[in-house]
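J.: Can you read through this structure? Questions will come right after.
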Amino acid sequence: MAYNPFKKDIAELSEGDLETLIEAEIVEGWYVEYKSDIPKSAGGNLDNIKIAKSISSFANTKGGWIFWGITCNGKNKPVAVEGVNLEGYVNFEDQIAKVVNSNISPRPYYHFKRIELQNGKTVFIIHVEESPTPPYITSQGVIYQRENNESKPVRDRYIIEKLNEKTNDYYEAIERFTVFDLPETKGQAEWNQTYLELYLFPLPFGSFGFKKFYSSDFFQKVAVRFYQNVDVDISLGGLGSKVVPLNLSFNSIFSSERSLIIRPLNEKNLIYKGTTVELMENGNLKFLMPVYEFQSTNIPEHYNGSKTMEYLLDQYSPNETVQQSLGYPMFQRSELKLPPVTRRKDTDFVRHVKFIDGVELILSMLIIISKYKAVLQDNDFDLNTEIGFRAKISDCWRKFVFFDSEDYLEKIKLYNIPLSPKSEIEIPDFKKGNGYKMRLSEDNAYFQIARYILEGIGLPDSHSLKFSEILNDGFKRFETKSN
């Protein structure tokens, strides 16, 4: 367990907690560093080199706590909480973050806390986590480690190899996690169904855990979160707004090895590979979903009258007039003839191309991210913590994302349909533990993920697409359903 001199989160600290450092005689050493003032250069500016040296040394070792504004005696014991003067600094936390991000590579994990003292000064605290992908190298090209109460350069090749080994183990853990191996029935394998796999994990990977994961109370609360609707407040223009309930029909939950499996089950899909959530003990989540798709021969009712659909059909399956046949040889020589008929031309577009409903995919992300966020909140997770995510789309060859909007139609006219030439897409590439990052505290977190997925499948000029209008039109579909 990581060292913490206070036994509480850094966000909860107050001036009284600082006095406990003196009372408990928490000396400067492997996990603690005290400075009576802010590290400054000869010109009075922040000393980037000293700051990077201290923070990187803790990141390369077991993590630690840095205090600016606490005075020590000759024996490295804290004797006074005097604080530092931050009046001359604007956005001090941002300045320190800039120093760290510009002078340490890769970026370590750290947290800030500013405690205002009664004397008008401030104690500034930096909590550096034992970061998972060392070595953390300063802009001077030096690797530091904490040794007792000093930050010393690493010169031993063995230590550097062990740091690299730690990084490789971290990345391999992410690779092992991002696998969702669920078998299909023989019939399903022939359907060419597109599946979305989504992987979400608090960062650093493996740093969080549900404290009551094996309790009945936790099990029941997770069930409630996944079974209940996600209520979305949609605008109805000048008619105000309306709450529309959305769900993925989850109704089954059971325990697995260090995880919970949640699924929607009914008599028609008991044996099939379908929508599945696996919530792990360490807070990670796997999500598998068959992507809603259709062909031009079975267009959903809500797209009747769609100008975008009409344009696509006119372009790739135009109307043609053909002579009808009676079908039997004995009638073909008779004078009896059927009138010609106008119908859509049978083309590759009709036979092979499938549409992926973009709005359905975005709303599925809204639902699953809302439920994941609720479960984490129930268990004291800080939503400002970064979340890593990866996604995989399988069996997406000859398919493209469809939106019913004038904006999207103009893109199609200009750039043609974004038909996927790939059968599988990883977002980003599944290698060396890489992934995208976001925070669940952001209101549009679900849309960030959905957009990465949609762009991965393929969108024309996606950065100029008017997604807000597309979503508003999509929500109207569900508002109509709920009437």
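Numbering follows my numbering, in which position 337 of the sequence shown is assigned residue number 344; successive positions increment by one, without gaps.
For every residue, glycine included, the Cβ atom is placed at its ideal position computed from N, Cα and C.
Please read all numbers here as calculations on a predicted model, not as lab measurements.
Can you grab the Cα-Cα spacing for the pair MET296 / PHE257, in whole Å?
T.: 12 Å
J.: Find the nearest neighbour of PHE261 within the set ALA381, PHE208, ALA87 and VAL284, judged by alpha-carbon distance.
T.: VAL284
J.: For ALA59, would you say it is in contact with chain C, using Cβ-to-Cβ distances shorter than 8 Å as the test?
T.: In summary, chain C is missing from the structure at hand, where a single protein chain is found.
J.: Just mark VAL231 as buried or exposed, buried being the case when its beta carbon has 16 or more other beta carbons within 10 Å.
T.: exposed
J.: Measure the alpha-carbon distance for GLU22 versus PHE131 and round it to whole angstroms.
T.: Whole-angstrom Cα-Cα distance: 11 Å.
J.: If you count every other CB in all the chains shown that lies within 10 Å of the CB of HIS470, and 16 or more means buried, which is it?
T.: By the neighbour-count rule (16 or more Cβ atoms within 10 Å), HIS470 is not buried but exposed.
J.: Within 10 angstroms of its Cβ, does LYS31 collect 16 or more other Cβ (buried), or is it exposed?
T.: Correcting the residue identity first, residue 31 is Ala in this sequence and not Lys. By the neighbour-count rule (16 or more Cβ atoms within 10 Å), ALA31 is not buried but exposed.
J.: Measuring straight from C-alpha to C-alpha, what distance separates PRO113 and LYS275?
T.: 50 Å
J.: Got a sec? Which residues, its chain only, sit under 6 Å from LYS473 by beta carbon, not counting five neighbours each side?
T.: ASP414
J.: Using the DSSP secondary-structure output, state which residues sit across from ILE111 in a beta bridge.
T.: In the DSSP output, where bridge partners are listed per residue, ILE111 has THR145.
J.: Please name the residue or residues paired with PHE74 in a DSSP beta bridge.
T.: TYR41 and ILE132
J.: Under 8 Å by Cβ, that's how I've got ILE62 and PRO139 pegged, so tell me the actual separation to the nearest angstrom.
T.: A Cβ-Cβ distance of about 15 Å is found for the pair ILE62 and PRO139, leaving them out of contact under the 8 Å criterion.
J.: Would you mind sorting LEU390 into buried or exposed? The rule is 16 or more other CB atoms within 10 Å of its CB.
T.: Counting the other Cβ atoms within 10 Å of the Cβ of LEU390 gives fewer than 16, which makes it exposed.
J.: Can we count GLN152 as close to the ligand PLP, meaning its CB is less than 7 Å from some heavy atom?
T.: The ligand PLP is absent from the structure shown, which contains no ligand whatsoever.
J.: According to DSSP, what are the bridge partners of ASP240?
T.: VAL250.
J.: ARG397: buried (16+ other C-beta within 10 angstroms of its C-beta) or exposed?
T.: buried
J.: If I follow the unbroken alpha helix (DSSP H) through TYR443, where does it start and stop?
T.: Not the alpha helix (DSSP H): TYR443 falls in the beta strand (DSSP E), residues 443-446.
J.: Quick one: give me the first and last residue of the alpha helix (DSSP H) that ASP176 is part of.
T.: 164-184
J.: Please name the residue in VAL239, GLY442, LYS105 and ASP402 whose C-alpha comes closest to that of ILE432.
T.: Out of VAL239, GLY442, LYS105 and ASP402, ASP402 has the C-alpha closest to the C-alpha of ILE432.
J.: Quick one: measure Cβ to Cβ for ARG270 and LEU320, integer angstroms, because I've assumed they're closer than 8 Å.
T.: Rounded, the Cβ-Cβ distance is 36 Å, inconsistent with contact.
J.: Give the range of the beta strand (DSSP E) segment to which GLN227 is assigned.
T.: From DSSP, GLN227 is part of no beta strand (DSSP E) but of the alpha helix (DSSP H) over 223-234.
J.: Can you tell me whether DSSP reads VAL348 as helix, strand or coil?
T.: strand
J.: If we count the other Cβ atoms within 10 Å of its Cβ and call it buried at 16 or more, is SER489 buried or exposed?
T.: Note that SER489 scores a pLDDT of 46, beneath 50, so its modelled location is shaky; the value from the coordinates is reported in the next line. Exposed: under 16 other Cβ atoms inside 10 Å.
J.: What residue does the beta strand (DSSP E) around PHE396 start on, and which one ends it?
T.: Annotation: the continuous beta strand (DSSP E) that includes PHE396 extends over 393-401.
J.: Excluding the 5 residues flanking LYS47 on each side, which residues of the same chain have their C-beta closer than 8 Å to its C-beta?
T.: LEU53 and ASP54
J.: Quick one, are the C-beta atoms of THR129 and GLU123 less than 8 Å apart?
T.: yes
J.: DSSP on THR315, reduced to helix/strand/coil?
T.: In the structure shown, THR315 sits in a helix (DSSP, three-state: H, G or I).
J.: How is TYR415 classed by DSSP in three states: helix, strand or coil?
T.: helix
J.: Hey, out of ARG265, VAL250, LEU203 and TYR206, whose CA is closest to PHE220's CA?
T.: ARG265
J.: Sort ILE167, GLU172, GLU168 and GLU204 by Cα distance to PHE184 and report the nearest one.
T.: Ranking the options by Cα distance to PHE184, first place goes to GLU204.
J.: Quick check on this structure: which residue in LEU368, ASP188, LYS57 and GLU417 has the alpha carbon closest to the alpha carbon of GLY481?
T.: LEU368
J.: Which whole-angstrom value describes the C-beta separation of VAL229 and LEU286, a residue pair presumed to lie in contact below a C-beta threshold of 8 Å?
T.: 6 Å
J.: Would DSSP call GLN331 helix, strand or coil?
T.: coil
J.: Taking C-beta to C-beta, are LEU25 and PRO12 nearer than 8 Å?
T.: Taking C-beta atoms as the reference points, LEU25 and PRO12 fail to come closer than 8 Å.
J.: Closer than 7 Å by C-beta to ILE306: which residues in its own chain qualify, once you throw out the five before and the five after it? Chain order, please.
T.: MET316
J.: With a 10 Å radius around its C-beta and 16 neighbouring C-beta atoms as the bar for buried, classify ALA9 as buried or exposed.
T.: exposed
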